[in-house]
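Remarks on the structure that follows.
Numbering (the numbering used here), first residue to last: 773 to 1003.
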């Protein structure tokens, strides 16, 4: 089961979303594909998101900026096209940032359970709260793709394995905390916005998965609600 880290109380707000976004706009692609000269259906929206001149026309600089974003977030084909997948990721990022430090504003995640991990599939966000108090998050997560949905409802962490390896996909799942059959919180070495999503688990960055590991215990509640875009 591994060594359980000491419990700590950590508050992380929307600033947790800023660093990945900054990297997404500045990191250079390892091997960029050839750039398209074609403007996409979401050209203006993508230009605005990337801080480019908003004219709706594809330029070489536009394409390179879009490619950097696509490569950083595992969007294919990475040809710099402002299509629905690229804009969908950007739009989700905007909605996540807009949440700020009040992810449970609408009260969808129960506040009468004490410590609980909440997962909003619609916004692809997760956080830990204790009653109405925000303990950690909100942070971006990567949940189940179409036909592999992360199941909704009130669940409970029933098993934790810090060095788990999937017996189905033969891939490492560090800091696994299982709450519904084979579905668990665990870290991955992917962008949290990498489409189309997981095979049902709630993927997290290593930093966030470590924090969840230190803050949660076997028996703690998990509440999953909403619907992942595109599923």
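Where a beta carbon is used, it is the ideal one built from N, C-alpha and C, also for glycine.
Problem - C-beta atoms of residue 832 and residue 988 nearer than 8 Å - result: In the chain shown, counting from the first residue as 1, residue 832 sits at position 60. In the chain shown, counting from the first residue as 1, residue 988 sits at position 216. No; because the gap between Cβ atoms is not below 8 Å, this pair is not in contact.
Handout entry: Close-in-space but distant-in-sequence residues of the same chain around residue 916 (CB under 6 Å, 5 per side omitted)
Key = Indexing the chain shown from 1 puts residue 916 at position 144. For residue 916, where only same-chain residues beyond five positions count, the Cβ hits under 6 Å are 922, 969, 970 and 972.
Problem - Assigned secondary structure, residue 844 (DSSP; H/G/I helix, E/B strand, else coil) - result: As a position in the chain shown, residue 844 is number 72, starting the count at 1. The answer is helix: DSSP assigns residue 844 an H, G or I state.
Exercise for the section: Inspect the beta-carbon positions of residue 998 and residue 926 and report whether they are closer than 8 Å. Expected result: Numbered from 1 along the chain shown, position 226 holds the residue referred to as residue 998. Numbered from 1 along the chain shown, position 154 holds the residue referred to as residue 926. No, Cβ-Cβ distance for residue 998 and residue 926 is not below 8 Å.
Practice task
Please report how far the alpha carbon of residue 963 lies from the alpha carbon of residue 845, in whole angstroms.
Solution key: Within the chain shown, numbered from 1, the residue matching residue 963 stands at position 191. Within the chain shown, numbered from 1, the residue matching residue 845 stands at position 73. Roughly 5 Å between the two C-alpha positions.
Handout entry: Closest Cα partner of residue 912 within the set 874, 899, 928 and 851
Key = As a working note, residue 912 is residue 140 in the chain shown. Among 874, 899, 928 and 851, the Cα nearest to that of residue 912 belongs to 899.
Problem - Beta-bridge pairing of residue 975 - partner residues as DSSP gives them - result: Mapped onto the chain shown, residue 975 falls at position 203. Beta-bridge pairing links residue 975 to 914 and 958.
Exercise for the section: Please look up how many angstroms separate the CB atoms of residue 967 and residue 851, rounded, as I've assumed it's under 8 Å. Expected result: Against the chain shown, residue 967 aligns to sequence position 195. Against the chain shown, residue 851 aligns to sequence position 79. Residue 967 to residue 851, Cβ: 15 Å. No contact.
Exercise for the section: Within the same chain, show all residues whose beta-carbon is closer than 8 Å to that of residue 884, passing over the 5 residues directly before and after it, in chain order. Expected result: Your numbering for residue 884 matches position 112 in the chain shown. Hits under 8 Å: 903.
Exercise for the section: Mark residue 855 as exposed unless 16 or more other C-beta atoms lie within 10 angstroms of its C-beta, in which case mark it buried. Expected result: On the chain shown, position 83 is the one that residue 855 refers to. So residue 855 ends up on the buried side.
Handout entry: Cα-Cα separation, residue 795 to residue 908
Key = Here residue 795 refers to the residue found at position 23 of the chain shown. Here residue 908 refers to the residue found at position 136 of the chain shown. Interpretation of residue 795 is limited by its pLDDT of 37, a score under 50 that renders its predicted location unreliable; no figure is taken from the coordinates.
Exercise for the section: Assuming residue 958 and residue 935 form a contact by the criterion Cβ under 8 Å, report the distance between their Cβ atoms to the nearest whole angstrom. Expected result: In the chain shown, counting from the first residue as 1, residue 958 sits at position 186. In the chain shown, counting from the first residue as 1, residue 935 sits at position 163. Contact doesn't hold; Cβ gap of about 11 Å is too wide.
Exercise for the section: Helix, strand or coil for residue 801, going by three-state DSSP, please let me know. Expected result: Position 29 of the chain shown holds residue 801. Because the pLDDT at residue 801 is just 39, under 50, the model does not fix this residue reliably, and the value given afterwards should be weighed accordingly. In the structure shown, residue 801 sits in coil (DSSP, three-state: anything other than H, G, I, E or B).
Practice task
Could you tell me how far apart the beta carbons of residue 1002 and residue 918 are, in whole angstroms, since I believe they sit closer than 8 Å?
Solution key: Against the chain shown, residue 1002 aligns to sequence position 230. Against the chain shown, residue 918 aligns to sequence position 146. About 7 Å; that satisfies the 8 Å criterion.
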